[in-house]
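For reference, the structure discussed in these notes is given below.
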Amino acid sequence: MFSRLYQLAYTRRNMSSSSNPIPNLKLSDGHEIPLIGYGLGTANFKGRGSTEFSEKIVNDTLTALRLGFYHLDGAEAYNNEPELGAAIARSGIPREKLYVTTKTSVLEGDSIETAFSRSLEKLGLDYVDLYLIHHPFFAKSPADLVAKWAEMEAIKDSGRARSIGVSNYLVEHLEPILASPGLKHPPAANQIEYHPYLQHGDLVKWHKEHGIALEAYGPLTAITKASGGPVDAVYERLASKYGVTTSDIGLRWCLDQDIVALTTSGNEQRLRGYLQSLPSFKLTPQDIDEISEAGKEKHYRGFWTNRFAADDHR
Ligand SMILES: NC(=O)c1ccc[n+]([C@@H]2O[C@H](COP(=O)([O-])OP(=O)(O)OC[C@H]3O[C@@H](n4cnc5c(N)ncnc54)[C@H](OP(=O)(O)O)[C@@H]3O)[C@@H](O)[C@H]2O)c1
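Numbered according to the UniProt record's numbering, the sequence shown spans residues 1 to 314.
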């Protein structure tokens with residue numbers, strides 16, 4: 001099965017057109033995901049306690065949509081699915097042109113069906129393109145991981161999520177699912193923190209071998225929270241070589257490894273710049289290696305730090 005998945009996955013198709021310059025990545029289930037996504041977390045995150053509808057989140061998301069960011073990465077934990085749904089509705093962009101992800105937090109006492117129905121209702125959609133389990137930390141045993149995955153498979157079988165996957169899973173979380181005798185639909189994607197300062201050992205290679213696409217969140221961490229490290233000089237040199245920004249280099253480092261990059265910005269100029277610059281150049285394998293090697297000189301994790309020891313590089 002794995003060799004078949006390997007053949008299906010990572011068949012990259014360039015879907016470029018003047019209206020959508022972002023290429024797609026083919027998933028193991030046959031669906032395609034745009035390689036750049038606009039995140040509804042981080043800058044757009046609405047605190048758990050906040051019940052007030054945020055016009056700012058709607059407007060920022062609308063800006064991204066109007067510029068051409070048709071891949072939207074949401075989650076029930078971001079507490080802004082109604083704003084994401086409103087932005088989609090107000091954009092007037094046909095649903096089939098968009099790629100919408102949401103995630104379940106796997107709250108205690110919640111079935112996946114309950115969580116998923118609640119998300120769809122908040123989004124005002126009748127399907128999502130990708131539904132993810134946000135993290136594996138709910139599980140007390142491998143059996144819990146397998147049981148929740150079976151519930152995800154039921155969502156895919158219902159047709160209300162085109163693809164299903166996970167987020168923040170390590171090999172130890174995925175292996176029981178892949179080895180499960182009842183497995184019907186292997187996870188199509190795993191969304192992880194990924195940047196030069198968190199390359200997770202051989203996790204990327206393992207995913208490619210198993211046909212599971214990777215999505216990188218926090219891809220610009222080397223420029224933002226962890227700036228001042230050995231990657232700075234390499235990014236600067238490559239930005240000047242290609243006549244682009246260091247942020248473009250950081251995102252391209254993901255795309256050129258066939259990894260989906262999820263970013264966000266409240267800066268319209270920056271978002272516009274990505275859509276103009278990213279399709280205009282490509283890093284060479286040597287450029288990619290140079291960034292990767294410089295990145296290995298420093299370790300930095302920006303998310304879920306309460307779940308990992310400071311020296312845990314997985
Ligand atoms: N599954 C998970 O557990 C998980 C966890 C975290 C995030 N995510 C997802 O991933 C998405 C993206 O995460 P992220 O926001 O951390 O991505 P990111 O692309 O690493 O960071 C985006 C931030 O970088 C800033 N930036 C870009 N270029 C810059 C530059 N040259 N100088 C200074 N600042 C710069 C932007 O600021 P400006 O606003 O000024 O442009 C923006 O706030 C989230 O929204 C969420 O959807 C998922």
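Every residue, glycine too, gets a C-beta built ideally from N, C-alpha and C.
When the options are compared against residue i, the one with the closest alpha-carbon
i	options	result
S268	T61, K205, P186 and E151	Just to set this straight, residue 268 is Glu in the shown sequence, not Ser. Taking only the C-alpha atoms, the option nearest E268 is T61.
P219	H313, K156, G39 and D129	G39
K225	G243, E236 and H195	H195
N306	F137, L65, G228 and P187	F137
G30	L65, D129, K148 and G49	D129
Y127	S105, I133, N59 and I155	I155
G295	A161, Q286, Q199 and C254	Q199
I22	S105, Y300, G68 and G229	G68
I212	L170, K97, F45 and L283	L170
H299	G229, G74 and L271	G229
Y197	E175, K148, C254 and G243	C254
Secondary structure of residue i, DSSP reduced to three states
i	result
H207	helix
I36	strand
N59	helix
T221	coil
K265	Checking the sequence, you will find Ser at residue 265 rather than Lys. In the structure shown, S265 sits in coil (DSSP, three-state: anything other than H, G, I, E or B).
N135	Before going further, note that residue 135 is His rather than Asn in the sequence given. If DSSP states are grouped into helix, strand and coil, H135 belongs with coil.
K241	helix
H173	helix
Q191	strand
G165	strand
K26	strand
E52	coil
V234	helix
K103	strand
A89	helix
L271	helix
D110	coil
L198	strand
E215	strand
L130	strand
D258	coil
Where residue i falls, given that 16 or more other Cβ within 10 Å makes a residue buried
i	result
N168	buried
W304	exposed
Q262	Position check: residue 262 holds Leu in this sequence, whereas Gln was assumed. Buried: at least 16 other Cβ atoms inside 10 Å.
E215	buried
K103	buried
D202	exposed
G165	buried
T246	buried
E293	exposed
G49	exposed
R95	exposed
T114	exposed
Alpha carbon of residue i to alpha carbon of residue j, nearest angstrom
i	j	result
L123	G85	4 Å
Y70	Y217	17 Å
V146	I223	37 Å
L107	N79	14 Å
H135	E290	31 Å
M152	N24	24 Å
T101	S163	9 Å
I112	S280	41 Å
L132	W206	19 Å
T264	L238	22 Å
A233	G159	47 Å
E81	G41	10 Å
G302	I259	19 Å
A64	K184	35 Å
Q. Using 8 Å as the Cβ pair cut-off and three pairs as the minimum, do the segment 45-55 and the segment 72-88 touch?
A. yes
Q) Contact between the segment 299-313 and the segment 270-281: three or more CB pairs below 8 Å? A) no
Q. Using 8 Å as the Cβ pair cut-off and three pairs as the minimum, do the segment 140-147 and the segment 171-179 touch?
A. yes
Q. Would you call the segment 108-121 and the segment 88-98 in contact, with 3 or more CB pairs under 8 Å?
A. Segments in contact, no.
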